[in-house]
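Heads up: the structure comes next, in structure tokens.
Protein chains: 2
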Amino acid sequence: MTAPERKRAATILDVAAAAGVSKSVVSLVLRGTGYVSAAKRTAVEHAVLELGYRPNAAARALGESRSRTVGVVLNDMRNPWFVSAVEGLNSTLNERGLQMLMGDFRLDSRSGESLLKKLLEMNIEALVLVGTMPESPGLTAAALQVPTIALGAPTGPGANVTVVTNDDDAGARLAVAHLIALGHRRIAHVGAPATAVGIARRRGYEAEMRAAGLAEFIRTVPGDLSEEGGHRAALELLSGGDRPTAVFAVNDMAALGVLSAAEECRLAVPADLSVAGYDNTPLARLRRISLTSVDTASFAAGQRAAELLIARLEPGSTLPPDELLVPTLEVRGSTAAPHA
Amino acid sequence: MTAPERKRAATILDVAAAAGVSKSVVSLVLRGTGYVSAAKRTAVEHAVLELGYRPNAAARALGESRSRTVGVVLNDMRNPWFVSAVEGLNSTLNERGLQMLMGDFRLDSRSGESLLKKLLEMNIEALVLVGTMPESPGLTAAALQVPTIALGAPTGPGANVTVVTNDDDAGARLAVAHLIALGHRRIAHVGAPATAVGIARRRGYEAEMRAAGLAEFIRTVPGDLSEEGGHRAALELLSGGDRPTAVFAVNDMAALGVLSAAEECRLAVPADLSVAGYDNTPLARLRRISLTSVDTASFAAGQRAAELLIARLEPGSTLPPDELLVPTLEVRGSTAAPHA
DNA sequence: AAACAATGTTGGAACGTTCCATCATTGTCT
DNA sequence: AGACAATGATGGAACGTTCCAACATTGTTT
Numbered sequence: 251m252t253a254p255e256r257k258r259a260a261t262i263l264d265v266a267a268a269a270g271v272s273k274s275v276v277s278l279v280l281r282g283t284g285y286v287s288a289a290k291r292t293a294v295e296h297a298v299l300e301l302g303y304r305p306n307a308a309a310r311a312l313g314e315s316r317s318r319t320v321g322v323v324l325n326d327m328r329n330p331w332f333v334s335a336v337e338g339l340n341s342t343l344n345e346r347g348l349q350m351l352m353g354d355f356r357l358d359s360r361s362g363e364s365l366l367k368k369l370l371e372m373n374i375e376a377l378v379l380v381g382t383m384p385e386s387p388g389l390t391a392a393a394l395q396v397p398t399i400a401l402g403a404p405t406g407p408g409a410n411v412t413v414v415t416n417d418d419d420a421g422a423r424l425a426v427a428h429l430i431a432l433g434h435r436r437i438a439h440v441g442a443p444a445t446a447v448g449i450a451r452r453r454g455y456e457a458e459m460r461a462a463g464l465a466e467f468i469r470t471v472p473g474d475l476s477e478e479g480g481h482r483a484a485l486e487l488l489s490g491g492d493r494p495t496a497v498f499a500v501n502d503m504a505a506l507g508v509l510s511a512a513e514e515c516r517l518a519v520p521a522d523l524s525v526a527g528y529d530n531t532p533l534a535r536l537r538r539i540s541l542t543s544v545d546t547a548s549f550a551a552g553q554r555a556a557e558l559l560i561a562r563l564e565p566g567s568t569l570p571p572d573e574l575l576v577p578t579l580e581v582r583g584s585t586a587a588p589h590a
Numbered sequence: 251m252t253a254p255e256r257k258r259a260a261t262i263l264d265v266a267a268a269a270g271v272s273k274s275v276v277s278l279v280l281r282g283t284g285y286v287s288a289a290k291r292t293a294v295e296h297a298v299l300e301l302g303y304r305p306n307a308a309a310r311a312l313g314e315s316r317s318r319t320v321g322v323v324l325n326d327m328r329n330p331w332f333v334s335a336v337e338g339l340n341s342t343l344n345e346r347g348l349q350m351l352m353g354d355f356r357l358d359s360r361s362g363e364s365l366l367k368k369l370l371e372m373n374i375e376a377l378v379l380v381g382t383m384p385e386s387p388g389l390t391a392a393a394l395q396v397p398t399i400a401l402g403a404p405t406g407p408g409a410n411v412t413v414v415t416n417d418d419d420a421g422a423r424l425a426v427a428h429l430i431a432l433g434h435r436r437i438a439h440v441g442a443p444a445t446a447v448g449i450a451r452r453r454g455y456e457a458e459m460r461a462a463g464l465a466e467f468i469r470t471v472p473g474d475l476s477e478e479g480g481h482r483a484a485l486e487l488l489s490g491g492d493r494p495t496a497v498f499a500v501n502d503m504a505a506l507g508v509l510s511a512a513e514e515c516r517l518a519v520p521a522d523l524s525v526a527g528y529d530n531t532p533l534a535r536l537r538r539i540s541l542t543s544v545d546t547a548s549f550a551a552g553q554r555a556a557e558l559l560i561a562r563l564e565p566g567s568t569l570p571p572d573e574l575l576v577p578t579l580e581v582r583g584s585t586a587a588p589h590a
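Read top to bottom, the protein sequences are chains X and P.
Mapping the first sequence onto the working numbering, position 338 (from 1) lands on 588, and the numbers just tick up by one.
Mapping the second sequence onto the working numbering, position 322 (from 1) lands on 572, and the numbers just tick up by one.
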């Protein structure tokens, strides 16, 4: 079986000839601008359908000297937060006729440099960096050439970048406040001191504890963003003498590690130990886990980023200020009042 | 703060002038083809760096009348299988200088039609459909216009499509054979009869049981691909009289539901009940879950799809036959020999 | 020495659009 | 009636590349 005969695609001139008009009229009809008589308009529409005409995006980009394309650079497709954020981005950009061009920073052979080069060659009108990127001269340079938004990163690479992200500090306070309201006082934190989110969430934890007059109970054990790290930290926390009645973990994965450790220490959740996580991943929803977790408004963040971008594309616009989005708390079965 | 002064980007003519050569020489140097003297070559390279010249992709696409771009249509960015597959695709396409243009079918307002239109306008050289797409006339039409590969779907939309996917039948047999080797005989299956993967995996389960002379123990309970469905089915399975000693679930989520149900029925895993899943999702790796699961070679599938595509792009190539990739089994703590 | 191949270099045409200045027709206001 | 605005239609120039035919120079074979 061979490939089907693929003849040269119809161009605007073919359409013009078929409709008996000039190429300019076809162009006007297609773009919906200018004045065209009803008769010619329908003739053109007819010819377009007839010939299966599709405008050539490359030629259009060249003619308009703009691409209607936004570059989106991910650093981890696997992170559910990023996925939602990209969906939010996409939905809003689509409405405005902007196309997204996605790529994965890490996947790229030369650590993203070649990806960025490709995107810039495509004449992208804006750049969205999703997640925290490693330092890279190419990134900093790219950010200076096109309006750039860092989505879900605590800070952007260099100047000319607007950051849209979740308020990790506020989210942590939300979770801790929930535990306090339940009656907990001995609330420990499993942190991830090596990461930006880890630092912000710890700050929120400590602030809320202090605000509630529980400064003396502040206790942070270093872990990381993985189940393994949470497990290790929790074992340390639960094996000691004055063990906490509640743990706020830096994210859901770490919280899972805490749950495992609690099980190993024969502590029932939530009867003996309340556990709260962060990110509200699909994991937290699972019946076997049912984890109270802070929900980051990632879809909304993506949408907001798109709005800022669109505004930034207007001529004469200025660099908008950074934005922090307020998260919410999803209460599930892993938190309850401590027993007396 | 206003946008930084953005002057008109340098073109190939600017480079040619700066290097004291004709535009043709610059073009030859940039593409690395043809004969150019060493002196002029270095002069051009110098000028390129000097001016920060970046070739314009739209102009290049127009001139070459090809785009070096492959359209990738996802139907669910959240599915880890798809993510790995896309990573595999990307890695191989990148090596060959092909750019990926991704989009989400469902996210698109007009159910993918406008996404496909955009992709075709971009003159994509090939199309990769990742996951099972809903029927759509636009999809069928698109597949006829460019070489198309359906990745991870049991069947492609219409003609001219090559399917690259995992051998679900073989995977199911792998899991069941493992359980049989452990000594289980009463092995039940929690299925998902409404889905294509569900049907294939059930077929594998039954085939392996019959091959081992265990036809009389074949027992399938209908569920679906969710935790909820697995839970419901498992409750039915475990509450009855002659309950199985092992369960093979249609996927990891359903297996999780089985685990929950076992817990509720006070059955220890794996002592009282072995459980195997399918997909080897990150979930299965979690310490609290430690699920034996069939690993689908999704990264490899992506790579293979890319190879087929590249071959298909050669002039005079023919439609390659469908390919099934053989999965492997990841044995973890949820399966063990039945007690006597 | 002539013929030919290999190596360098060039400018013009093409790619398929949009943009723009121009022109034609009609209707409306003074 | 004349001036002007609104509507309608046009062809040529741009956009920034690649492609190609043609021409120059050198080295090698007959």
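Positions of the beta carbon are idealized from the N, C-alpha and C atoms, including for glycine.
For the region 397-427 of chain P, the beta-carbon criterion of a distance under 8 angstroms to any beta-carbon of chain X is satisfied by P397, N410.
Note that the C-beta distance between D502/P and G454/P is not below 8 angstroms.
Taking a C-beta cut-off of 8 angstroms against chain X, the contacting residues of the region 339-357 of chain P are N340, S341, N344, E345, Q349, M350, L351, M352, G353, D354, L357, listed in chain order. Collapsing the DSSP output to three states places P472/P in a strand.
Within the region 542-590 of chain X, complete beta strand (DSSP E) segments of at least 3 residues are found at 542-545, 573-575, 578-580, given in chain order.
Along the region 471-483 of chain X, the positions whose C-beta sits under 9 angstroms from a C-beta of chain P are E477, E478, H481, read in chain order.
With its beta carbon at least 8 angstroms from every one in chain P, V378/X lies outside the interface.
With its beta carbon less than 8 angstroms from one in chain P, A308/X belongs to the interface. C-alpha of I468/P to C-alpha of E456/P: approximately 7 angstroms in a straight line.
In summary, the residues of the region 532-551 of chain P whose CB is separated from some CB of chain X by less than 9 angstroms are P532, L533, R535, L536, R537, R538, I539, in the order they occur in the chain.
Using a Cβ distance threshold of 8 angstroms, V320/P and V380/P do not count as a contacting pair. K368/P has a beta carbon lying within less than 8 angstroms of a beta carbon in chain X. In this structure, E371/P lies away from G388/P, with their beta-carbon atoms at least 8 angstroms apart. Three or more beta-carbon pairs separated by less than 8 angstroms link the region 490-500 of chain P to the region 429-437 of chain P, which places the two stretches in contact. Between the region 329-343 of chain P and the region 401-415 of chain P, the count of C-beta pairs closer than 8 angstroms reaches three or more; the two stretches touch.
For T342/X, DSSP records no beta bridge to any residue. In the DSSP assignment, Y528/P forms a beta bridge with V544/P. Contacts between S317/P and chain X, judged by CB atoms closer than 8 angstroms, involve A308 in chain order. A straight line joining the alpha-carbon of A293/P with that of L299/P spans about 10 angstroms. When 9 angstroms is used as the limit between beta carbons, L488/P is near no residue of chain X, the shortest such separation being about 15 angstroms. Pairing L280/P with V286/P gives a Cβ-Cβ distance that is not under 8 angstroms. Annotated as distal: P577/X and T412/X, with beta-carbon spacing of 8 angstroms or more. Three or more Cβ pairs closer than 8 angstroms define a contact, and the region 338-357 of chain P meets that threshold against the region 543-562 of chain P. For S510/P, the residues of chain X that pass the 9 angstroms Cβ criterion are L536, R537, R538, in the order they occur in the chain. Using a Cβ-Cβ cut-off of 8 angstroms, N373/X counts as an interface residue toward chain P, since at least one Cβ of chain P sits closer than that to its own. At a Cβ-Cβ threshold of 8 angstroms, A534/X and A499/X do not count as neighbours.
With respect to the 8 angstroms criterion, L506/X and R538/P are classified as neighbours on the basis of their beta carbons.
Assignment of H296/P by DSSP, reduced to helix, strand and coil, places it in the helix class. Taking a Cβ-Cβ cut-off of 7 angstroms, the neighbours of R304/X in chain P comprise L370, E371, given in sequence order. For V336/X, the three-state secondary structure derived from DSSP is helix.
For I437/P, the enclosing beta strand (DSSP E) has its first and last residue at 437-441.
Only residues of its own chain outside the window of five on either side were considered, and among them S317, N373 have a CB closer than 7 angstroms to the CB of A311/X, listed in chain order. When DSSP states are grouped into helix, strand and coil, M459/P belongs to the helix group. Looking from the CA of V519/X, the closest CA among G441/X, V275/X, G583/X, D326/X belongs to G583/X.
For D354/X, the enclosing beta strand (DSSP E) has its first and last residue at 349-354. Residue nearest to P443/X within the set L574/X, S476/X, A425/X, L301/X is S476/X (criterion: CA-CA distance).
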